[in-house]
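Each remark here refers to the structure printed beneath this line.
Chains as they are written, first to last, in our numbering: chain X, 11 to 452; chain Y, 11 to 452.
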């Protein structure tokens with residue numbers, strides 16, 4: 011309720027180790043605190059944003075019928091030896107010996123473990139498709155962790171896996187996730203472009219990266235602007251509808267520099283629609299067939315015939331998304347951030363000017379707080395003795411979408427109110443309430 | 011929606027490695043699956059229960075004004091060397107070397123890390139009290155992990171920490187958690203007894219264990235039955251009210267065998283009120299003063315004076331609670347489990363008798379499912395071709411609190427309905443709906 015009692019350690023200066031704006035903002039506003047190289051604690055402000063993103067990711071998985079499970083962080087090396095990846099994975103895998111000297115590891119990904127669960131649980135084609143996901147911490151021992159939670163070592167991810175009886179069904183599962191990701195990123199107010207991708211170390215033969223545009227992104231991207239106009243609002247969870255959506259996207263050129271071919275770009279995209287910029291990967295989907303099911307013997311009985319299941323995997327970087335959204339939304343030139351209201355740490359901040367021996371503005375703040383709280387509008391009051399202008403500056407950085415200012419321009423029941431960084435109007439509490447509730451509905 | 015499409019691998023027999031009834035039930039009903047010694051994956055049925063328990067634990071923390079944060083699983087050894095516990099902790103600490111050969115560890119507890127966060131963030135007594143919690147995976151490398159998730163290696167816990175300016179304030183914080191735990195366990199339909207406890211390896215001078223009665227418990231307990239009658243429904247979050255509640259509890263004898271003293275027991279408890287039984291620890295609260303703040307230099311400015319903060323820690327084993335509730339609620343003699351409805355994996359199961367070439371009962375099930383779903387009643391349909399009696403037996407074990415049976419005794423709009431293991435009545439859907447909604451309200 012009160013900023014003075016909250017664990018929100020605001021820094022006055024930009025920490026020198028932070029090179030990109032999301033890292034700078036997250037440290038300055040006390041969203042995170044580094045505990046060791048590439049490993050962070052999430053303080054209340056950052057934690058709230060991450061949890062709200064997690065909820066949206068979860069809802070959109072549930073909406074396409076994926077079952078939630080939870081696999082542990084520490085895995086046995088045995089299944090990785092079975093798949094053949096134990097030696098291949100290299101130093102990014104954090105290898106551990108337990109007290110019995112058993113070889114363990116901190117999961118960098120979960121294809122092996124989920125395949126082992128599947129092969130012990132599902133026996134018949136009648137139980138397919140099986141779509142499962144989990145949201146869990148992963149560890150990759152990056153040589154040079156950097157950019158805050160954008161490229162850290164311990165990170166939070168949603169990983170989903172699909173198991174189908176044949177490729178046709180597997181592509182149907184793949185396409186469900188394709189749609190689900192478009193919807194997920196849209197709810198986060200991100201324009202994500204699905205780009206045909208290389209399949210990399212996981213291997214396989216069909217893959218899309220979901221990339222959002224951000225000048226500070228690590229990947230260079232080449233795309234046809236028209237791809238933003240593809241409409242998926244009418245797409246249904248049916249094979250035909252999803253496949254026609256995929257076809258629509260496939261007609262537009264959209265690749266990262268790994269796959270860039272200038273001739274093809276020039277041929278397929280007219281000059282005015284060419285978009286060459288940078289982006290950040292926020293999701294990745296793969297179809298890799300029987301790559302793991304065959305080596306690990308995960309099969310079903312398909313009317314008397316043994317069938318290795320066809321698998322896909324589908325990841326969204328939940329902790330990374332917090333930073334990615336800042337990269338997309340934060341204007342560091344004017345030091346102004348605005349969180350989408352559905353993932354903002356608070357809906358509204360109340361900024362009273364507090365004079366010595368006069369607590370009337372603080373009392374007004376508490377009244378407003380209680381009124382808005384009764385409507386499920388979540389506020390915080392800056393009860394410190396800083397000046398109003400310094401409070402506004404601080405909260406322009408924190409990015410809570412609405413501000414109520416209680417100073418010399420406010421009356422008994424009317425207060426200055428506006429979106430962060432926008433012009434203020436004088437409204438009563440009921441009007442303020444309606445504006446915020448209206449935006450929350452969307 | 012359909013059991014046949016769910017990842018709920020039911021085992022026909024009791025797995026030989028499972029010695030206690032919660033472990034047996036969790037494996038038989040496919041709630042968990044062991045991935046390596048003392049490390050488990052949570053499949054949908056177990057996951058849902060654990061998540062609902064987590065929500066209740068979270069709400070009761072929020073209700074006393076604790077701020078949620080999240081600390082990482084992997085910690086640096088440096089802070090543990092500062093506190094002096096790096097060598098003391100022994101082999102239960104999972105020690106790790108990363109690729110740069112730095113000494114890391116998988117957090118078995120978080121006093122050091124949270125103290126480090128505090129000392130970097132909070133400077134003034136004006137920002138106290140600071141109460142924070144996190145719900146995160148922990149690892150203790152048990153020599154002999156056993157009893158399923160009751161004594162495993164990777165486990166899920168809520169840990170809270172309090173920071174206060176002096177002991178009087180710290181005891182106030184301690185008492186808030188005391189009340190919060192009573193409320194938490196009550197919502198889980200558990201009778202938890204707070205027992206004065208030894209302070210063990212964490213050290214300190216005030217501590218309570220919260221123990222629930224279960225014949226299979228690991229701790230022997232000696233208590234006055236009257237302790238169950240203490241009423242905390244009127245207790246308020248104020249120093250006086252909380253302190254008077256603590257006093258009420260303190261008048262009753264209640265200890266584990268570690269602290270048992272026969273003479274004292276005989277003196278303080280009349281024969282008919284003596285209760286000697288076994289119990290399971292589900293929560294633990296500690297006050298340990300400046301034990302960590304002094305060694306790690308965590309202080310605040312208290313009106314010009316440097317004051318080491320007084321700390322407490324407060325744990326609830328979230329994953330362990332799933333097993334503890336089964337120990338308390340599962341009657342293994344008649345193979346009957348009933349989950350409290352607010353943490354049940356589903357509210358109701360629909361069991362149609364399905365005959366070859368006659369899908370009418372399945373269609374009825376789907377209709378009922380949709381009607382109940384529209385009222386936010388969460389159901390699952392057992393669409394397998396097993397006999398009705400075998401379905402009932404299976405779901406008596408799974409413990410979903412209500413069953414709807416669609417067989418020869420059901421009409422077009424009337425179905426057999428009842429609590430799991432109870433007598434059935436014939437009701438229409440509206441009546442069924444009302445009964446379930448009524449129970450959900452409580």
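Each residue gets a CB set at the ideal place from its N, CA and C atoms; glycine is no exception. Remember, it's a predicted structure, so these values are computed and weren't measured experimentally.
Under three-state DSSP, which class holds residue i?
i              : result
residue 166(X) : strand
residue 54(Y)  : helix
residue 263(X) : coil
residue 249(Y) : helix
residue 109(X) : coil
residue 434(Y) : coil
residue 212(Y) : Its pLDDT being 48, under 50, residue 212(Y) is placed unreliably by the model, and the measurement read from it follows with that caveat. Helix.
residue 72(X)  : helix
residue 4(Y)   : A question about residue 4(Y) goes unanswered here, because the residues of chain Y that appear run from 11 up to 452.
residue 17(Y)  : coil
residue 60(Y)  : helix
residue 244(Y) : coil
residue 103(X) : coil
residue 34(Y)  : helix
residue 183(Y) : helix
Using 10 angstroms around the beta-carbon of residue i, count the other beta-carbons present and answer buried if the total reaches 16, otherwise exposed.
i              : result
residue 397(Y) : exposed
residue 245(X) : buried
residue 86(X)  : buried
residue 65(Y)  : exposed
residue 168(X) : buried
residue 149(Y) : buried
residue 238(Y) : exposed
residue 71(Y)  : buried
residue 371(Y) : buried
residue 31(X)  : buried
residue 413(X) : buried
residue 19(Y)  : buried
Out of curiosity, what's the CA-to-CA distance linking residue i and residue j?
i              : j              : result
residue 242(X) : residue 139(X) : 24 Å
residue 34(Y)  : residue 401(Y) : 19 Å
residue 455(Y) : residue 184(X) : Because residue 455(Y) is not part of the residues shown, which for chain Y are 11 to 452, the question remains open.
residue 444(Y) : residue 438(Y) : 10 Å
residue 368(X) : residue 385(X) : 28 Å
residue 102(X) : residue 116(X) : 10 Å
residue 277(X) : residue 37(Y)  : 59 Å
residue 426(Y) : residue 98(X)  : 57 Å
residue 62(X)  : residue 309(X) : 37 Å
residue 342(X) : residue 24(X)  : 11 Å
residue 213(Y) : residue 205(Y) : Its pLDDT being 48, under 50, residue 213(Y) is placed unreliably in this model, and the value from its coordinates should be taken loosely. Rounded to whole angstroms, residue 213(Y) to residue 205(Y) spans 17 Å at the Cα level.
residue 279(X) : residue 249(X) : 29 Å
residue 43(Y)  : residue 143(X) : 16 Å
Give the DSSP bridge partners of residue i, in chain order.
i              : result
residue 412(Y) : 358(Y), 429(Y)
residue 156(X) : 161(X)
residue 12(Y)  : 391(Y)
residue 202(Y) : 222(Y)
residue 287(Y) : 231(Y)
residue 147(X) : 166(X)
residue 80(X)  : 52(Y)
residue 188(Y) : DSSP, once it has assigned bridges, lists no residue as partnering residue 188(Y).
residue 365(X) : 368(X)
residue 423(X) : DSSP, once it has assigned bridges, lists no residue as partnering residue 423(X).
residue 321(Y) : 173(Y), 299(Y)
Quick one, which of the options has its alpha-carbon nearest residue i's?
i              : options                        : result
residue 170(Y) : 81(Y), 318(Y), 378(Y), 159(Y)  : 81(Y)
residue 46(Y)  : 46(X), 83(X), 39(X), 267(X)    : 83(X)
residue 136(X) : 371(X), 317(X), 447(X)         : 317(X)
residue 123(X) : 133(X), 56(X), 79(X)           : 79(X)
residue 41(Y)  : 333(Y), 338(Y), 381(Y)         : 333(Y)
residue 284(X) : 268(X), 294(X), 262(X), 291(X) : 262(X)
residue 271(Y) : 230(Y), 380(Y), 258(Y)         : 230(Y)
residue 188(Y) : 274(Y), 433(Y), 218(Y)         : 218(Y)
residue 75(X)  : 93(X), 247(X), 56(X)           : 247(X)
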